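What follows is a single structure, written as structure tokens, with notes after it.
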Amino acid sequence: MDDFNNDVEKAELNTRAWVMQERVLSGRTIHFSANQTYFECGDGVRCENLTMMKSSGRRNFFTLDPKFPNRLKFGKGSRIIEFLHFLIEDYTRRGLSVNTDRAIAISGLLNFIAKALDSVVKFGIFGDYLHRNLLWQRATPIDRKTGLIEYDSLIPTWSWMAYDGAVQFLDIPFGEVEWMLKIRFDMKKGHDRGLISEMWRLQNYRLEEKQDGRYEVYAASGERVSEAGWIQYDVDRSGDSDVNVERCV
């Protein structure tokens, strides 16, 4: 029986982080499973019994490109962002024997993508999609905290590469957000880990912890108190006695 999802997609091999890069960059792949052999290319999957399964799935459109990453060159902004987030979320859910490989097991793939998009990529963040790429957080469940990976060289904390565990990106509607445009990579030589941005200090506010792990931010103007937003800490804050020391967002 044809069961590509269980035989290949959910196979132990495809739970490994290094395999993603090898699979996407391969124009054609032969998968040997316990049940049968599958041949995969950009048109779909051909089974050993000669059944043809057409490729489906909006997000897989780019990864199944037999001449990857050619399709990306003609993609639209929203589709590209969706693909990048899908790729990184999938990657961070995969296993690594050595957690410091997190920054390198996908580096070749990211460089291919950056070249196709004529963009700059630093530590898994693409310059042309900087704002949305920075809006990552740990994946659910919320009780699992991320931890910093002890690299030999410094990985900036604004990158998902700096932490272990799965991440997910915030789903921000297009055309409904006013972005702070004064944030960019520091392109000076020797400053490749830096981000240049304005910093805002919260004043006259208070934080209130909620059951879902978030802290609601309430701003006070005179006697009026209104909800201004929320903060969620993805790292373990069990040793901190006062979350109010975090005043810059």
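Position 118 of the sequence shown, counted from 1, bears residue number 1421 in my numbering, the numbering being contiguous throughout. All residues carry an ideal CB built from backbone N, CA and C; glycine is no exception. Nothing here was measured: the structure is a model prediction, and the numbers come from that model.
With 16 other Cβ atoms within 10 Å as the buried cut-off, status of residue 1446: Per-residue confidence for residue 1446 stands at a pLDDT of 49, beneath the threshold of 50, marking its modelled position as unreliable; no derived number is given.
Sequence-distant residues of its chain with Cβ nearer than 8 Å to residue 1402 (five each side left out): Excluding residues up to 5 positions away in sequence, 1452 and 1467 lie with their Cβ nearer than 8 Å to the Cβ of residue 1402 in the same chain.
Whether residue 1429 touches residue 1417 by CB criterion (8 Å): With respect to residue 1417, residue 1429 sits close: the two C-beta atoms are nearer than 8 Å.
Environment of residue 1482 [buried if 16+ CB atoms lie within 10 Å]: Its Cβ having fewer than 16 others within 10 Å, residue 1482 is exposed.
Span separating the alpha-carbon of residue 1521 from that of residue 1534: Residue 1521 and residue 1534: Cα-Cα distance of roughly 11 Å.
Per-residue burial, residue 1310 [other beta carbons within 10 Å of its own, 16 or more giving buried]: Classified as buried, residue 1310 has 16 or more neighbouring CB atoms from the shown chains inside 10 Å of its CB.
First through last residue of the beta strand (DSSP E) which encompasses residue 1341: Run containing residue 1341: 1340-1344, per the beta strand (DSSP E) assignment.
Top-ranked residue by Cα proximity to residue 1440, from 1457, 1516, 1347 and 1373: Out of 1457, 1516, 1347 and 1373, the CA that lies nearest to the CA of residue 1440 is found in 1516.
Residue of 1380, 1370 and 1323 minimising C-alpha distance to residue 1393: Selected option, being the one with the closest Cα: 1323.
Extent of the continuous beta strand (DSSP E) run through residue 1347: Its beta strand (DSSP E) spans residues 1347-1350.
Residue 1432, DSSP secondary structure in three states: The answer is helix: DSSP assigns residue 1432 an H, G or I state.
Beta carbon of residue 1344 nearer than 8 Å to that of residue 1369: Yes, they are a contact pair.
Distance between beta carbons of residue 1438 and residue 1475, contact taken as under 8 Å: Correct: roughly 7 Å between the Cβ atoms.
C-alpha distance - residue 1395 paired with residue 1460, whole-angstrom precision: Rounded to the nearest angstrom, the two C-alpha atoms are 16 Å apart.
Under 8 Å between C-beta atoms of residue 1406 and residue 1321: Result no, Cβ atoms of residue 1406 and residue 1321 do not sit closer than 8 Å.
Endpoints, beta strand (DSSP E) assigned at residue 1508: First-last of the beta strand (DSSP E) with residue 1508: 1508-1512.
Coil, strand or helix - residue 1356 by DSSP: DSSP places residue 1356 within a strand segment (E or B) once states are collapsed to three.
Straight-line Cα distance separating residue 1507 from residue 1423: If you take the alpha carbons of residue 1423 and residue 1507, they lie about 39 Å apart.
Terminal residues of the alpha helix (DSSP H) in which residue 1472 lies: Premise fails: residue 1472 lies in the beta strand (DSSP E), 1470-1472, not in any alpha helix (DSSP H).
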